[in-house]
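Undergrad: Pasting a structure here, questions to come.
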Amino acid sequence: MTPAVWALVASCVLWGTTGTAASFLPDAVSPLAVGASTMTLGGALLFAVSRRAAIGVMRDRAVRGWLIAAALGMVAYPLAFYASMDLAGVAIGNVVSLGSGPLFAALLEWRVSGSRLTRRWMLSAGIALAGMTLLVVGGHGDDSPVDAAGIPAGVVLGLVAGAGYALFTFASGIVIRRGHSGRATMGAAFGLAALPLSVVLLAIGAPLLASGSSIAIAVYLAVGPMFLAYLFFAVGVRALASSTVTVITLLEPLVATLLAVLIVGERLEPLGWIGLVLILVGVTVLSSARQPRSRA
48 MTPAVWALVA SCVLWGTTGT AASFLPDAVS PLAVGASTMT LGGALLFAVS RRAAIGVMRD
108 RAVRGWLIAA ALGMVAYPLA FYASMDLAGV AIGNVVSLGS GPLFAALLEW RVSGSRLTRR
168 WMLSAGIALA GMTLLVVGGH GDDSPVDAAG IPAGVVLGLV AGAGYALFTF ASGIVIRRGH
228 SGRATMGAAF GLAALPLSVV LLAIGAPLLA SGSSIAIAVY LAVGPMFLAY LFFAVGVRAL
288 ASSTVTVITL LEPLVATLLA VLIVGERLEP LGWIGLVLIL VGVTVLSSAR QPRSRA
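Numbering (our numbering), first residue to last: 48 to 343.
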């Protein structure tokens with residue numbers, strides 16, 4: 048494999064460890080605090096490595112609205128993502144959050160850019176929605192550490208996370224197409240998102256400092272799956288076609304599910320496994336499609 052592919056695989060593996068790493072935190076630590084700390088620390092690092100260029104993006108009035116929209120998407124994403132995994136489990140939370148992202152992205156392109164929703168998109172959405180329904184109905188087995196009662200709320204929060212990430216991707220893409228580098232745009236968006244999330248962290252993050260192990264996990268989540276993973280991701284995106292990138296990134300929910308079963312001890316009912324597979328199939332069908340043209 049090429050260095051770009053290896054870099055993208057590395058980013059997916061790092062992202063896939065987030066839920067498993069967070070599962071080792073004490074129950075007193077809120078998933079909102081985990082999401083806030085990850086983005087606050089990781090976002091500050093991403094801003095720091097591109098500070099001068101990121102400030103240039105922030106000063107550009109022509110893209111300021113889209114930059115703020117991208118930052119808002121990144122505020123919603125980590126809070127909903129970690130809360131989803133806390134309620135529905137690592138496997139379900141990851142797959143719903145990541146699987147719904149491309150579907151929401153297509154809806155944004157349809158409403159904002161005028162891109163039409165193709166039959167392939169309709170098929171993909173139908174398959175993914177059927178998978179999510181099976182997850183809610185089937186879900187975890189009796190011997191799983193996840194409370195089945197929390198799965199519906201966890202799925203809803205996963206959809207919120209997917210919508211937040213789609214908004215970030217769509218809005219930051221507009222900023223980049225208007226002349227700013229990807230690294231500068233990421234630094235600016237993540238840096239802005241870190242500001243309100245730092246307030247959340249200060250309000251409810253005290254339990255994270257209660258032990259050395261909690262601090263170590265929080266630092267890992269910020270430096271590994273946030274900071275290093277996005278640097279690796281940038282390497283892959285620069286050298287590979289977008290269709291290749293979207294297919295390779297499906298490794299993330301696969302890694303997350305395997306770690307959830309092997310390490311966390313999660314157990315899914317057969318319907319739950321079928322639901323996970325259907326979501327991945329739906330995203331694969333969508334990812335392999337050519338991008339529709341915008342009327343604009």
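Ideal placement from N, C-alpha and C gives every residue a C-beta, glycine not left out.
Here's the rule I'm using: 16 or more other beta-carbon atoms within 10 Å means buried, otherwise exposed. How should Gly66 be labelled?
TA: Gly66 is buried by the Cβ-count criterion.
Undergrad: Run through the segment 271 to 331 for me and flag every whole alpha helix (DSSP H) of 4 or more residues, listed as ranges in chain order.
TA: Counting whole runs of 4 or more residues, the segment 271 to 331 contains the alpha helix (DSSP H) stretches 276 to 286, 289 to 295 and 298 to 306.
Undergrad: With 16 as the cutoff for other CB atoms within 10 Å, does Leu55 come out buried or exposed?
TA: Classification of Leu55: buried, given that the 10 Å Cβ count is 16 or more.
Undergrad: Could you pull out every unbroken alpha helix (DSSP H) segment of at least 4 residues lying fully inside the segment 198 to 285, listed in chain order?
TA: With a minimum length of 4 residues, the continuous alpha helix (DSSP H) runs that stay inside the segment 198 to 285 are 198 to 224, 229 to 251 and 259 to 268.
Undergrad: Three or more C-beta pairs under 8 Å: does that hold for the segment 149 to 169 against the segment 132 to 140?
TA: Short answer: they don't touch.
Undergrad: With contact counted as at least three CB pairs below 8 Å, one residue from each stretch, are the segment 226 to 243 and the segment 81 to 89 in contact?
TA: Yes, since at least three Cβ pairs between the segment 226 to 243 and the segment 81 to 89 fall closer than 8 Å, the two stretches touch.
Undergrad: I'd like to check one pair, Ala307 with Glu316: are the Cβ atoms closer than 9 Å?
TA: No.
Undergrad: Rounded to the nearest angstrom, what separates Ser228 and Ala152 at their Cα positions?
TA: Going from the Cα of Ser228 to the Cα of Ala152 covers about 21 Å.
Undergrad: Sorted by chain position, which residues of the same chain lie with C-beta nearer than 6 Å to Ala265's C-beta, five sequence neighbours on each side aside?
TA: Contacts found: Ser84 and Leu255.
Undergrad: Go ahead and label Phe71 buried or exposed: buried means 16 or more other beta carbons lie within 10 angstroms of its beta carbon, across all protein chains shown.
TA: Exposed, since its Cβ has fewer than 16 Cβ neighbours within 10 Å.
Undergrad: CB-CB under 7 Å to Val122, same chain, minus the five flanking residues each way: which ones, in chain order?
TA: Same-chain partners within the cutoff: Ala240, Pro243 and Leu244.
Undergrad: Just curious, the alpha helix (DSSP H) that Gly178 is in, first and last residue?
TA: Unbroken alpha helix (DSSP H) run through Gly178: Arg166 to Val184.
Undergrad: Report the option in Gly63, Pro50, Leu93 and Val52 whose CA atom is closest to the CA atom of Leu278.
TA: Leu278 has its Cα closest to that of Leu93, out of Gly63, Pro50, Leu93 and Val52.
Undergrad: Report the option in Phe217, Ile326 and Phe237 whose CA atom is closest to the CA atom of Gly205.
TA: Of Phe217, Ile326 and Phe237, the residue nearest in Cα terms is Ile326.
Undergrad: Should the segment 98 to 110 be regarded as contacting the segment 260 to 275, the criterion being three or more beta carbon pairs within less than 8 Å?
TA: They do not touch, by the three-pair rule.
Undergrad: What residue range does the alpha helix (DSSP H) around Ser131 cover?
TA: It spans Arg111 to Ala135 - the alpha helix (DSSP H) in which Ser131 sits, taken as one unbroken run.
Undergrad: Would the C-beta of Thr331 count as close to the ligand COA, meaning under 8 Å from any of its heavy atoms?
TA: This structure simply doesn't include the ligand COA, nor any ligand for that matter.
Undergrad: Would you call Val96 buried or exposed, if buried means 16 or more other Cβ atoms sit within 10 Å of its Cβ?
TA: The residue in question, Val96, is exposed, as its Cβ has fewer than 16 Cβ neighbours within 10 Å.
Undergrad: For the putative contact between Arg167 and Val284, defined by C-beta atoms under 8 Å, what is the C-beta separation to the nearest angstrom?
TA: Not quite, the Cβ-Cβ distance comes to about 23 Å (not below 8 Å), so this is no contact.
Undergrad: Would you tell me roughly how many angstroms separate the C-alpha atoms of Ala260 and Gly112, rounded to the nearest one?
TA: Correcting the residue type first, residue 260 is Ser in the shown sequence and not Ala. Each residue's alpha carbon lies about 40 Å from the other.
Undergrad: Which of helix, strand or coil does DSSP assign to Gln338?
TA: For Gln338, the pLDDT reaches just 46, beneath the cut-off of 50, and the residue's location in the model is therefore unreliable, although a value from the coordinates is still provided. Three-state result, Gln338: coil.
Undergrad: So, do the segment 211 to 221 and the segment 120 to 134 have three or more beta carbon pairs nearer to each other than 8 Å?
TA: Yes: at least three Cβ pairs fall under 8 Å.
Undergrad: Using beta-carbon positions only, say whether Ala135 and Ile198 come within less than 9 Å of one another.
TA: Against a cut-off of 9 Å, the Cβ pair of Ile198 and Ala135 comes out as a contact.
Undergrad: To the nearest angstrom, how far is the alpha carbon of Ala100 from that of Ala231?
TA: One C-alpha to the other measures close to 5 Å.
Undergrad: Looking only at its own chain, which residues have a Cβ that is under 7 Å from the Cβ of Ile251, when we skip the five neighbours before and after it?
TA: Within the same chain, Ile251 has close Cβ partners Ser77, Leu79 and Ala80.
Undergrad: When you compare only the Cα positions, how much space is there between Ser160 and Phe217?
TA: Going from the Cα of Ser160 to the Cα of Phe217 covers about 10 Å.
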